[in-house]
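Worksheet: the structure to be examined is printed underneath.
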Amino acid sequence: MPQSPAHRFERFLTLADVAEILNVELAIARELVESGELAAIRIGQVGQWRVEQRALEDYVQDQYERQRREARFAESEFDDIAELTFPREDYS
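Its first residue numbered 1, the sequence shown is counted upward by one per residue in UniProt numbering.
Below, the structure written as structure tokens:
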């Protein structure tokens, strides 16, 4: 059954919605959008921002991946950054 036009466009969230979903202040949601970290569209030249639900889901998944990589790096046994680029060879 086809979706009604109104239902199809419920996928867009306001910055207030984004802030509520992420449990952050509105200013932080705005900063994420204005910095380009979170994809959004502006309605009109000076209008309000809208974030597609899928873009927010992608952002959250990207943050999980980023945290996973940072945790792996923090747990690694490298002495310095040179070991990341030029690993020591085992001559034993």
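For every residue, glycine included, the Cβ atom is placed at its ideal position computed from N, Cα and C.
Checklist entry - Could you check where the beta strand (DSSP E) with V51 kicks off and where it finishes? => result W49 to E52
Next on the checklist: For L22, report the span of its alpha helix (DSSP H) as first-last.
Outcome noted: L15 to L22
Item to check | Assigned secondary structure, I41 (DSSP; H/G/I helix, E/B strand, else coil) | outcome: strand
Checklist entry - In angstroms, rounded to a whole number, what distance separates the CA positions of E20 and E75? => result 33 Å
Checklist entry - In terms of residue numbering, what span does the alpha helix (DSSP H) encompassing R30 cover? => result L26 to E34
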